[in-house]
Amino acid sequence: MEPQLVLIEQSFHVRYSVWVKEALDELDDSFVITDPCISGHPIVFASNGFQKMFGYSKDEVIGKNGRMFQGPKTNRRSVMEIREAIREEKAIQISLLNYRKDGTPFWMLFHMCPVFSKEDGKVIHFLGVQVPIVRKLRQSGCGVGRNSLNSCEDGGGFRETVFRCCRREVTSDSVMEVGHGLALDYFLDTDDGELEVDQPCEASEVEKMKAATAISNILSVLTHYSEVTGRLVCGKRCCLSGMGLLGSSLNISFGRIKQSFVLTDPHLLDMPIVYASDSFLRLTGYARHEVLGRNCRFLSGPETDPATQFQITECIRAEKPCTVYILNYRKDKTSFWNFLHISPVRNATGKVAYFVGVQINNICNSQSKQGLSPEMQHLSVVGAVKVAVRSLSMNASTS
Amino acid sequence: MLRIKRVPTVVSNYQKEEGDEGGRLGGGCGRNCLRNCCLPGAKLPLYAFKRSNKAANEKAVLSYENKEPPVPFLDSLLLGEWEDRVQRGLFRYDVTACETKVIPGEYGFVAQLNEGRHLKKRPTEFRVDKVLQPFDEAKFNFTKVGQEEVLFQFEPSEDDEIQFIPNAPIDPENSPSVVAINVSPIEYGHVLLIPRILECLPQRIDRESFLLALHMAAQAGNPYFRLGYNSLGAFATINHLHFQAYYVAVPFPIEKAPSKKITTTTGGVQISEILNYPVRGLVFEGGNNLEDLSNVVSDSCICLQDSNIPYNVLISDSGKRIFLFPQCYAEKQALGEVSLELLDTQVNPAVWEISGHMVLKRKKDYEEASEENAWRLLAEVSLSEERFQEVKDLIFEAIASGIEEPDSVNLSFLEKPDVTPQSLEDVDALNKGSQPAMVSV
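Sequence lines, in order, name chains A and B. So the first sequence is residues 1 to 399, counted in the UniProt record's numbering. So the second sequence is residues 1 to 441, counted in the UniProt record's numbering.
Have a look at this one:
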C-alpha cells in the first residue's frame, strides 16, 4: 500500500499547487478524482460532500477503485457504459445505483469526465460527480422545493449539517437551487428506503444541470491551480499526442498487471520505452519520466555480456520472442540478474506495434510466491499486453 | 431430417478428416491423448476454485470486490498457458496477425478478417433438426486431443480456498474438467471448457456444467473474457459438451443493447427481454448468489433443448450477465430460406456472431462490413416476434416455480413500462430508424 500512496500524493502534486485540495474542499459537491495512470485506477481525491453522501472517510476511499460503491442491484449495463467511457476517454452522465458504507443503496446521477494535460493531450485524471436523484413520483402535487422542506421538517434535528442545508433551501424559492444541499438529498433518499431501489431511476433536468455545473466548477479550480505549476490541465483535449504516448485506456489495462515490464515502440527512433510499469520503476529505481522515451540499453553496464545484447537485437529484428539472462544495472549502479523475456506485440491491423519486455529479478523467490513458474509469469504478461494492445487499437484502425 | 453443409471448425490438431486416422506408435496411441491408453502417469496444472460465494449480506460482496487482486490468478494462468502454446506453435495461425476492427455505428460490431480459419477442410453435413443427440464415440471428441493442447484442470476446491498445483496427476476417478486451446482461435485466449471430459457428455446443458462455466467467468474476473455456448442446431459442430471463451477488450454490441425487465425470481435473478437488437433474446442478471443465477439460466436452457429449440448462450461481465438466444438460422438454411448472398459470406451465426463479433473469411466482406450488413445477417438468426413469444412462455412455464409474481409473467409484462432510463435514450436514438444507418468503412 505504501508505494501506491506515494503515487497518489504525486498524482496531485505534480500537476497542482499545494492549495488545490483546500480549494476543492470548499466546494459543496460530492465528487471524486481518479488517476488512470496508477495501477487499479484508484481514487486520489474525495470531496467532503462525497464523504457525507457515502458515509466513508477519506482514508477509506483513497486508493480504492470506484467499483467499491457498486452492489448487487447496480445495473450492470450502466457499469459497462462507464467502463467504456473511461476506455474511450469520454464524458458520461448516467443514473447509477450506488451503496453507502452502511450498505444502503441509493440512486444518483453520475457525471464523469476526463481531465487532460494541456501539453500533450493525455488523460491524467477522471473527475466523477455524484448528484443524488430525488424521486419525483413521491412529490405529486407540490413543487420540488416545497417537498424538500417538508421532508426536512419531518426529520428535524437529524443532523446539524442537514438542517443547515434545509434552512438554506427554505429561504430559496428557486427550484434550481434545491439540489445544492447534498446532505439534504442524502437525507431524503434515506427516507425512501429500499422500496424504490429496484425501479430504474432517471435524473431530472435540474439534477443533470447541477452535475454539469459541478463539473465545470471543479474543472476551473483544477485548471486554476495547475497554472502555477506550469503543467496545465483542461477539460477538453487540446492537442493530440504525437510522441507515441499511450492513451489512458491502455494505461488502465496495463495498470492491472503487477509485474515489471516495459513497452517499446519499434516505429520510433531508437525504439524508446513508451510504457513502464510501477514494478519496473521499483526494480530499477528510476522515476517514470527518467525512462520514458529512452532505449532499454541504459539498463546495461560494464559487466553486461554484449553477446546477450546482440541476441536481443537479433530477436527484435526477426520479430521473434526470446528469453535471456542479462546483467542489468539500477539507477544507483547496483547490478542485478534480469530474467528477461521479450516478445513482439501486434495491434489490430495485425502488424507489430510494440515489443514487450518482462523482467524478473531473483527467480528463486518469484516461483513460490505466485504459484506460476517464472516462464509462465513472463508469458502471462505477454498475453495480457497482447489482448490490451490488439483490442484497444480496434477503433483507431478504422479511422 | 434437416441437414446443412458446412466446413467444420478444426479445434484440435488431432481432429482429422473422417477416416483419416493416421496413428503413430509409442506409449499409448502415440499422440498423448486423454484416453485410457495415454492417461496413466499424465499430469496437468490444476486450478481449484472457491465454490462458495454465498454472500451473507451485501457488504460481504462489496468487501470481496474490493479486495480483488489486480489480475486474478486464473486470468494470468490462462493467458500464460495460452501464450506458451502460441510460442510452441500449436495454433494453425497467429490470430493477432488477423486484421480486426470495430465497425462504425451505433452498436460497434466487431469484424475480423480471418482467411486461414477454414482452409483445408471439406464441407461436412450436419444434422440441424435435433438439439439433443447421443454422444458418438466414433466421431471426433475432446478425449482425442493431445495433452499439450490442454492448459489445465479446472475444478471446485475441496477446502474452499483457491488452489493451484502446477503438476497434478489426471485422476479419471475424479472426473476432471479441463480447459483446452482451440487451435483455430477467433481471438486471443480462445479456449474450450470441457466439463468432466472423460464422461463423454453430449452437447447438452446441465445445472452442474453450467455452474462450472459461470465459476470460470467469475474467477477470471475480467469483463472482457466471455464464455459462450452453442447447442446443436445452433452451430455447435462437436457433440461433446463444451463451452468456448476468449478475450476481446471491447464491449460486444449485445452488451450495449437496452433491455426491459420482465420479472425477478425468488432467488433474486432478474430476467429481461433484449430490445432493439436484431436477435430476440433474454438477459439474466443478479441473483442472491452465483448458483441462483446459474440454475435459472440452466433450467431455461434445459427447457429449450428438451423442446428441441436450438439456442446460444453468452456469459458476459465476469458471469454477472447472461444472454440467451433461441435461434432458427440453421433450420432456415436447411429449408433453403436463407438468401444466397448471406450464405456466400459463410458466416455461421453462433454465439459470437450473435453477440456482435463477426469473423469474416473474405477480404471483400471485411472491407464492406457495415452495421447494416451485420444487422441483416443477424435478423435472419432471430425467431419471429410470435415464435419468440411462444418460446418465452415455454421458458417461464419451466422456471415458474421460482418466480415471485407469476401473474405478471405471461403476456401482460409487455405492457409494463419498466424500461431503464438509459434504455429509453437508446430506444429514442434507435427509433430514428429501426434500420441502422448506412455506414461507409
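Note that beta-carbon positions come from the ideal geometry of N, C-alpha and C, so glycine has one too.
| field | Run of the beta strand (DSSP E) containing A:I218, from where it starts to where it stops | value | Residue 218 of chain A sits at position 218 when you count from the first residue of the first sequence. Not the beta strand (DSSP E): A:I218 falls in the alpha helix (DSSP H), residues 205-227.
| So, helix, strand or coil for B:H242, using DSSP? | For this step, residue 242 of chain B is matched to residue 242 along the second sequence. Three-state result, B:H242: coil.
| message | On the DSSP letters alone, give me the boundaries of the alpha helix (DSSP H) that A:Y286 sits inside. | response | Translated into the one-based positions of the first sequence, residue 286 of chain A becomes position 286. That residue, A:Y286, is in no alpha helix (DSSP H); it is neither H nor E in DSSP.
| query | My guess is that B:I315 and B:L227 are in contact by the Cβ rule of under 8 Å, so how many angstroms apart are they, rounded? | reply | The residue given as residue 315 of chain B occupies position 315 in the second sequence. The residue given as residue 227 of chain B occupies position 227 in the second sequence. About 4 Å separates the two Cβ atoms, so the contact holds.
| query | Thinking C-alpha only, which one of B:D75, B:C33, B:C38 is nearest B:Y47? | reply | Numbered from its first residue, the second sequence carries residue 47 of chain B at position 47. Measuring from the Cα of B:Y47, the nearest candidate turns out to be B:D75.
| request: Indicate the three-state DSSP secondary structure (helix, strand or coil) for B:S401 in the structure shown. | output: What you label residue 401 of chain B is simply residue 401 of the second sequence in a count that begins at 1. Residue state, collapsed to three classes: helix.
| said: Does the CB of A:R76 have a neighbour CB from chain B at under 8 Å? | reply: As a working mapping, residue 76 of chain A is identified with position 76 in the first sequence. Yes, contact with chain B.
| Taking only beta-carbon atoms, is A:V123 less than 8 Å away from chain B? | What you label residue 123 of chain A is simply residue 123 of the first sequence in a count that begins at 1. Judged by the 8 Å Cβ criterion, A:V123 is not in contact with chain B.
| Does the beta-carbon of residue 455 of chain A have 16 or more other beta-carbons within 10 angstroms, so that it is buried, or is it exposed? | Chain A is shown only over 1 to 399; residue 455 of chain A falls outside these bounds and no answer can be derived.
| task | Return the residues of the region 73-91 of chain B that lie within a Cβ-Cβ distance of less than 9 Å from chain A, sorted by chain order. | result | F73, D75, S76, L77, L78, L79, G80, E81, W82, E83, D84, V86, Q87
| query | So the beta strand (DSSP E) A:C322 belongs to, where does it begin and stop? | reply | In the first sequence, counting from the first residue as 1, residue 322 of chain A sits at position 322. Its beta strand (DSSP E) spans residues 322-329.
| task | Find the residues of chain B that neighbour A:Q377, judging by a C-beta separation of less than 9 Å, and give them in chain order. | result | For the purposes of this step, residue 377 of chain A is taken as residue 377 along the first sequence, with counting starting at 1. In chain order: S76, G80.
| Counting only beta-carbon atoms, is B:F164 nearer than 8 Å to chain A? | Residue 164 of chain B sits at position 164 when you count from the first residue of the second sequence. Yes, B:F164 counts as interfacial toward chain A.
| Among residues of its own chain, excluding the 5 on either side of A:G285, which ones have a beta-carbon nearer than 6 Å to its beta-carbon? | Residue numbering aside, residue 285 of chain A sits at position 285 when the first sequence is read from its first letter. Only R330, K331, D332 meet the Cβ criterion.
| said: Given this structure, state the Cα-to-Cα distance separating B:I309 from B:F126, to the nearest angstrom. | reply: On the second sequence, position 309 is the one that residue 309 of chain B refers to. On the second sequence, position 126 is the one that residue 126 of chain B refers to. Going by the C-alpha atoms only, they are around 16 Å apart.
| request: Closer than 7 Å by C-beta to A:S57: which residues in its own chain qualify, once you throw out the five before and the five after it? Chain order, please. | output: The residue you call residue 57 of chain A lines up with position 57 of the first sequence. Closer than 7 Å at Cβ, skipping near neighbours: Q51.
| task | Go ahead and pull the three-state DSSP assignment for B:Q346. | result | Here residue 346 of chain B is taken as the residue at index 346 of the second sequence, counted from 1. The answer is coil: DSSP assigns B:Q346 none of H, G, I, E or B.
| said: With distance defined between alpha-carbon atoms, name the residue in B:W352, B:S12, B:T124, B:I170 nearest to B:K5. | reply: Here residue 5 of chain B refers to the residue found at position 5 of the second sequence. Nearest of B:W352, B:S12, B:T124, B:I170 to B:K5, Cα basis: B:T124.
| request: Under 8 Å by Cβ, that's how I've got B:F73 and B:F164 pegged, so tell me the actual separation to the nearest angstrom. | output: Numbered from 1 along the second sequence, position 73 holds the residue referred to as residue 73 of chain B. Numbered from 1 along the second sequence, position 164 holds the residue referred to as residue 164 of chain B. Right, the Cβ-Cβ distance comes to about 7 Å (below 8 Å), so this counts as a contact.
| query | Cβ of A:H111 versus every heavy atom of the ligand ATP: is any distance shorter than 7 Å? | reply | Among the components modelled here there is no ligand, and therefore nothing to report on the ligand ATP.
| query | What is the DSSP secondary structure of B:K332, reduced to helix, strand or coil? | reply | Mapped onto the second sequence, residue 332 of chain B falls at position 332. Reduced to three states, the DSSP call for B:K332 is helix.
| Start-to-end residues for the beta strand (DSSP E) that takes in B:K43 | Residue 43 of chain B sits at position 43 when you count from the first residue of the second sequence. B:K43 -> beta strand (DSSP E) spans 43-49.
| request: Can you grab the Cα-Cα spacing for the pair A:Q93 / B:D136, in whole Å? | output: Looking up residue 93 of chain A in the first sequence gives position 93. Looking up residue 136 of chain B in the second sequence gives position 136. The straight-line gap from Cα to Cα measures roughly 54 Å.
| query | What in chain A is Cβ-close to B:A249, meaning under 7 Å? | reply | Translated into the one-based positions of the second sequence, residue 249 of chain B becomes position 249. Correct list: S253, V387, A388, S391, L392.
| request: Examine chain B for any beta-carbon lying closer than 8 Å to the beta-carbon of A:S11, and answer yes or no. | output: Working through the first sequence from its first residue, we reach residue 11 of chain A at position 11. Not closer than 8 Å to any Cβ of chain B, the Cβ of A:S11 fails to qualify, so no.
| query | Which residues in the same chain have their Cβ closer than 6 Å to the Cβ of B:S318, if we skip the five residues on either side of it in sequence? | reply | By 1-based counting over the second sequence, the position of residue 318 of chain B is 318. Taken in chain order, the residues that qualify are A217, A218, G221, P223.
| Among B:K256, B:V183, B:A42, B:G286, nearest to B:P176 - alpha-carbon criterion | For the purposes of this step, residue 176 of chain B is identified with residue 176 of the second sequence, where counting begins at 1. Cα-wise, what sits closest to B:P176 is B:A42.
| task | Determine, using beta carbons only, whether B:D393 comes closer than 8 Å to chain A. | result | The residue given as residue 393 of chain B occupies position 393 in the second sequence. No - not a single Cβ of chain A is within 8 Å of the one on B:D393.
| query | Are the beta-carbon atoms of B:R122 and B:K361 separated by less than 8 Å? | reply | For the purposes of this step, residue 122 of chain B is identified with residue 122 of the second sequence, where counting begins at 1. For the purposes of this step, residue 361 of chain B is identified with residue 361 of the second sequence, where counting begins at 1. Result no, Cβ atoms of B:R122 and B:K361 do not sit closer than 8 Å.
| Interfacial residues, the region 79-99 of chain A to chain B, with Cβ spacing under 9 Å | V79, M80, E81, R83, E84, R87, I94, S95, Y99
| How is the alpha helix (DSSP H) around B:E158 delimited, first residue to last? | Translated into positions along the second sequence, residue 158 of chain B becomes position 158. Unbroken run through B:E158: none, as it is neither H nor E.
| message | Please state the DSSP three-state secondary structure of B:P406. | response | Along the second sequence, one-based indexing puts residue 406 of chain B at 406. Low local confidence applies: a pLDDT of 45 at B:P406 is under 50, so the model's placement there is unreliable, with the coordinate-based value given in what follows. Three-state result, B:P406: helix.
| task | Could you name the residues of the same chain whose beta carbon sits closer than 8 Å to that of B:E331, not counting the 5 residues immediately before and after it, in chain order? | result | In the second sequence, the residue the question calls residue 331 of chain B occupies position 331. Cβ neighbours of B:E331 beyond the five flanking positions: L2, V128, D129, G233, P310.
| task | Please determine, among A:S335, A:G255, A:K90, the residue with the shortest C-alpha to C-alpha distance to A:C113. | result | Reading the first sequence from its first residue, position 113 is the one you call residue 113 of chain A. Nearest option by C-alpha distance: A:K90.
| A:L392: which of B:R204, B:Y247, B:R376 sits nearest, CA to CA? | Numbered from its first residue, the first sequence carries residue 392 of chain A at position 392. When each option's Cα is compared against that of A:L392, the closest is B:Y247.
| Checking contacts by CB at 8 Å: is A:R297 closer than that to chain B? | For the purposes of this step, residue 297 of chain A is taken as residue 297 along the first sequence, with counting starting at 1. Judged by the 8 Å Cβ criterion, A:R297 is not in contact with chain B.
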